[in-house]
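Comments concern the structure below.
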Amino acid sequence: MLRSKMLLWKIAQRLGAIAALILLGGLMAATLVRMAPGFDADERELDPSLNAESVRALRQSRAGEHNILSFYASYLRGALHGDLGTSHALGQPVQSLLRERWPVTARVAGIGLLLAWLLGSTLAFTACLWRRPLYEILGTTVSGAFLCIPAAVLALLSVILNAPGYLAIALIVFPKIYRYSRNLLAKAYASPHITAARARGLGEVRILAWHVIPVAGPQMIALAGITVSIALGASIPVEALCGLPGIGQLAWQAALSRDLPLLVNLTVLVTLVTLLANSGADLMIHMLRPGEESA
Amino acid sequence: MNRARKFACVVVLAVCAVSLAANWLAPAGYTKQFREAPSAPPSRQHLLGTDEVGRDRFARVLYGTRISLLLAPAAALVSTALAALVGGLAGYLGGIWLRLARGFTDLFLSLPWLFLLITVRALMPLNVSPLVSVLITFLILGLLGWAASARVLSTSADALRNSDFILQARASGLHGPRLFLVHVLPNLKPVLYAQFWISIPVFILSEANLGILGLGVAEPLPSWGSLLRELEGMISFREEPWRLAPLLLLIVVMTSFQLLLSNEEVTA
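These protein sequence lines are chains A and B, in that order. Sequential numbering of the first sequence, starting at 2, is according to our numbering. Sequential numbering of the second sequence, starting at 588, is according to our numbering.
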């Protein structure tokens, strides 16, 4: 009973922190948009058919945006009513753009993440179980090579090789999973109770399942939360260069056309997903081991 | 320093030296067009061939390397200085300041790096001169890349704040900025150096990503990002493999940095 109450309190705390961070992040983003060069410029004012009064009316319509706080308040009011504004470049409501594009990113990043975890954790676990120097060198070299290649180059290479976009995401994320998991597992294997277990004749698989995973598990769950953020970041070059119509491609198009309202909404959305993933990982760790959280 | 690290150090220094000697090694420069030979294969005159508009690829690789390898450390210097200011000071002051700084760095770290980069890059004007685009790109990297280092530094400064020698210095009447500058900051030097070196490859990769996406250094100025953008037109590796030269050079330099930093990452 006490544990479930604590869990509920933890969830409430997390949600409160996420709401506060999103509000603060939104204010920061709105401030940056407001301060950006060219914010006050409106191409419609250049139309020679408009008279002085029409130009004045246009300027008057933007008067409310001059104060950062009122600009942010009106943005928040709209967001609470489901109105995230209109994309300047695409001329469509941001909300409908997000609804159209999100499933593509969720699918590509989701499959990529799954493959990355499969590859990274398999390599890390087998390296720890086998403990063959050659295998370790191979794993470190391969992951190191992929860490040296920019995400956008991997996306370009996947286009040249006709490989699916999710494979590029998997190859961007897997080296981080492999290296971190490998270090965690090696650290767990170095503890004295593992040596004692080995001395008593416990099998390697049993040691892994009973003594290593419970030690390294919580931090690997925290890593799972972080990899969501990495995969979402990787979706920008992958979707942009592989021609996948997702959130990443939309962000890239918005950046190239300086579509600031769309870009800010996308950043807030991606931040929200990242925070939810990290909080989910933290809550899972809390459920498994009360009192322990990812740093 | 083990053999691998020594070798990596030599490689990075050699690449830096060759790129600094670009004026002598490639006197034609990175803008000169050989209009009679666009997309030419490697020859004695053009060691890596020419690009689609007839510019010598070897010269562009050398000048691009110089820009990326000189400005990434400059950006790392900015980000480390910011991290020392935010993280170091917050850790030294402790209490509410430390909690505030950690909340702020957490907010920064929760934003996916590339999303944050392209958002802030888009806030700046895109149609600017090549030189301004270089400054904007690397300044953005420096101004946004401080959060992870600040978190590490705040933890180190927090540990220092409670150490015996700081307590003794306080008891001797040393307080405020003097205590921070004379005793705390010098003891943070190893962490600051580590964070500085760790930031360089991160910024090189980030610039490359921005360049390929068309949001980095503007033409005709070359950088690794804009050079790698050339891969976009490739159909297969067999056809014109010399176009992969900037990628190979980037991999060599990044691998060298990885070898050099293998210890720093553990200590940081």
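A virtual CB, placed ideally from N, CA and C, is assigned to each residue, including glycine. These numbers were taken from a predicted model, which means no experiment stands behind them.
Short CB-CB distance (under 8 Å) between residue i and chain A
i: Arg708(B); result: yes
i: Trp784(B); result: no
i: Thr854(B); result: Confidence at Thr854(B) is low in this model, with a pLDDT of 44, below 50, so its placement is unreliable and no value can be given for it.
i: Pro828(B); result: no
i: Glu819(B); result: yes
i: Phe725(B); result: no
i: Phe702(B); result: yes
i: Thr667(B); result: no
i: Pro699(B); result: yes
i: Ala795(B); result: yes
i: Ile683(B); result: no
i: Thr652(B); result: no
i: Ser549(B); result: Shown here, chain B extends from 588 to 855; a query on residue 549(B) therefore has no answer.
i: Gly760(B); result: no
i: Leu554(B); result: The structure shown has nothing for residue 554(B), since chain B only spans 588 to 855.
i: Gly801(B); result: yes
i: Gln755(B); result: no
i: Ile787(B); result: no
Contact check, residue i vs residue j, beta carbons under 8 Å
i: Gly636(B); j: Trp829(B); result: yes
i: Ala80(A); j: Leu116(A); result: no
i: Ala613(B); j: Leu649(B); result: yes
i: Ile799(B); j: Val213(A); result: no
i: Gly247(A); j: Val109(A); result: yes
i: Leu703(B); j: Ala662(B); result: no
i: Ala282(A); j: Ile231(A); result: no
i: Ser626(B); j: Gly674(B); result: no
i: Leu775(B); j: Ala744(B); result: yes
i: Ala217(A); j: Leu185(A); result: yes
i: Phe147(A); j: Phe126(A); result: no
i: Arg644(B); j: His633(B); result: yes
i: Leu766(B); j: Ala756(B); result: yes
i: Ala670(B); j: Trp733(B); result: yes
i: Arg689(B); j: Ser741(B); result: yes
i: Thr272(A); j: Gly26(A); result: yes
Beta-ladder partner(s) of residue i, from DSSP
i: Pro94(A); result: Thr87(A)
i: Gln620(B); result: Arg642(B)
i: Thr637(B); result: Asp643(B)
Chain B contact for residue i (CB, 8 Å cutoff)
i: Trp118(A); result: no
i: Pro134(A); result: no
i: Ile173(A); result: no
i: Cys149(A); result: yes
i: Thr32(A); result: no
i: Ile222(A); result: no
i: Leu186(A); result: no
i: Ala256(A); result: yes
i: Val271(A); result: yes
i: Leu88(A); result: According to the sequence shown, residue 88(A) is Ser rather than Leu. Answer no: the Cβ-Cβ gap between Ser88(A) and chain B never drops below 8 Å.
i: Ile214(A); result: no
i: Trp253(A); result: yes
i: Leu289(A); result: no
i: Thr268(A); result: yes
i: Pro238(A); result: yes
i: Arg259(A); result: yes
i: Asn279(A); result: yes
Own chain partners of residue i with C-beta closer than 7 Å, once the 5 adjacent residues on each side are dropped
i: Ala795(B); result: Trp811, Gly812, Leu815 and Leu837
i: Ile112(A); result: Tyr167
i: Leu124(A); result: Gly140 and Tyr179
i: Val160(A); result: Leu242 and Cys243
i: Ser843(B); result: Ala595, Val598 and Val599
i: Gly310(A); result: Missing from the structure shown is residue 310(A); chain A here goes from 2 to 296 and no further.
6 Å CB neighbourhood of residue i in its chain, flanking five on each side removed
i: Leu1(A); result: There is simply no residue 1(A) to check, as chain A begins at 2 and stops at 296 in what is shown.
i: Ile723(B); result: Met711
i: Asn266(A); result: Leu85 and Val95
i: Ala296(A); result: Caution is warranted here: a pLDDT of 45 is assigned to Ala296(A), below 50, making its placement in the model unreliable, and the coordinate value is therefore given only provisionally. So the list is empty, once near-sequence residues are dropped.
i: Ala659(B); result: Ile787, Phe790 and Ile791
Contacts around residue i, its chain only, beta-carbon distance under 8 Å, and the 5 residues preceding and following it disregarded
i: Pro809(B); result: Tyr617, Arg647, Val648, Tyr650, Gly651 and Ile654
i: Ala855(B); result: The predicted model places Ala855(B) with a pLDDT of 44, which falls under 50 and marks its position as unreliable; any figure quoted below should be read in that light. Cβ neighbours of Ala855(B) beyond the five flanking positions: Val739, Val778, Ala781, Gln782 and Ile785.
i: Leu834(B); result: Leu815 and Leu818
i: Val853(B); result: Caution is warranted here: a pLDDT of 44 is assigned to Val853(B), below 50, making its placement in the model unreliable, and the coordinate value is therefore given only provisionally. Cβ within range, chain order: n/a, list empty.
i: Leu726(B); result: Ala662 and Val665
i: Leu284(A); result: Leu8, Lys11, Ile12 and Arg15
i: Val274(A); result: Val229 and Leu233
i: Gly83(A); result: Gln96
Any non-hydrogen atom of the ligand PLP closer than 7 Å to residue i Cβ
i: Leu848(B); result: As far as ligands go, the structure on display features none, and thus does not contain the ligand PLP.
What are the start and end residues of each continuous beta strand (DSSP E) run of 3 or more residues lying completely inside the segment 761-818 of chain B, in chain order?
none
So within the segment 129-170 of chain A, which uninterrupted alpha helix (DSSP H) runs reach at least 4 residues, ignoring any that extend past its ends?
134-149 and 152-161
Where are the alpha helix (DSSP H) runs, 4 residues long or more, that stay fully inside the segment 196-277 of chain A, in chain order?
For the segment 196-277 of chain A, whole alpha helix (DSSP H) runs of length 4 or above, ordered along the chain, are 205-208, 214-243 and 248-257.
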